[in-house]
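Numbering (the numbering used here), first residue to last: -13 to 202. Notes follow the structure.
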């Protein structure tokens, strides 16, 4: 009986060791980025403008996309360039105001010359303070500033630029979760105060994408 139990125990140990070894072999290889490396992030987002802003009075929520370059510096810090586009659908309105042009007119939402959507492009510089850079999950806080470029699409497909470019400032938080070598999921949430028109526009959006750090 003891011999049988001993063989059973030995077999269990061998089986467990084989499973653990197989799991270790199957685990993805992660190569964490080092200071001096640059990551390229591409992703999508979804956001909204608060109704208090001049653009936000007529346009609400919608999808977007972003491309970011993120430079890892020493002391868990980083710098980056951000290129974003936020497409915002028209709110449920009885009439659409054309008050950004020289003639202040109002149109039914289904009019061919009424605005259908707006797109705000953001081009900026970001500073990051990172945490846990020696682990697979890096968290970060960021602040940024740059230039906002608005565009408006009419129901007939024409695009207009009735408002000149303006500055923006932003603050956000994010996570990089490395899954294979220097490839990571890039998740974030961001607030931007956009100075377009006569009022400040308040933009809130969340994003998800992939970031890859090139080896040097």
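The beta carbon of each residue, even a glycine, is placed where N, CA and C say it ideally should be. This structure is a prediction, so every number in the text was calculated from the model and none was measured.
- Between the alpha carbons of residue 40 and residue 201 lies a gap of roughly 45 Å.
- Across the structure, residue 182 and residue 65 are spaced so that their CA atoms are roughly 26 Å apart.
- In the DSSP assignment, residue 32 falls within the beta strand (DSSP E) that extends over 24 to 35.
- For residue 75, the three-state secondary structure derived from DSSP is strand.
- CA-to-CA, the gap between residue 48 and residue 177 works out to about 15 Å.
- Our two residues, residue 84 and residue 42, have alpha carbons roughly 14 Å apart in a direct line.
- The C-alpha of residue 59 lies about 10 Å from the C-alpha of residue 19.
- Excluding five sequence positions before and after residue 142, the CB atoms of its chain that fall closer than 6 Å to its own CB belong to 98, given in chain order.
- Across the set 132, 184, 34 and 170, the C-alpha of 132 shows the shortest separation from the C-alpha of residue 156.
- Here residue 100 carries a coil assignment [DSSP, helix/strand/coil].
- Bridge pairing for residue 131: 111 and 155 [DSSP].
- Each residue's CA atom was taken as its position, placing residue 61 and residue 139 some 45 Å apart.
- Between the alpha carbons of residue 161 and residue 184 lies a gap of roughly 35 Å.
- A direct Cα-Cα distance of roughly 5 Å separates residue 124 from residue 118.
- The secondary-structure analysis by DSSP pairs residue 146 across a beta bridge with 138.
- Counting C-beta atoms within 10 angstroms of its own C-beta, residue 100 has 16 or more neighbours from the protein chains shown and is therefore classed as buried.
- The residue from 104, 107, 109 and 76 with its alpha-carbon nearest to that of residue 96 is 76.
- Residue 49 sits in a strand when the DSSP states are folded into three classes.
- Separation of residue 129 and residue 112 (C-alpha to C-alpha, rounded to the nearest whole angstrom) is 6 Å.
- Taking a contact as a CB-CB distance under 8 Å, the pair residue 16 and residue 167 counts as one, their CB atoms being some 7 Å apart.
- For residue 169, the enclosing beta strand (DSSP E) has its first and last residue at 169 to 182.
- Scanning its chain for C-beta atoms nearer than 6 Å, with the 5 sequence neighbours on each side dropped, one finds around residue 51 the residues 30 and 71, in chain order.
- Assignment of residue 38 by DSSP, reduced to helix, strand and coil, places it in the coil class.
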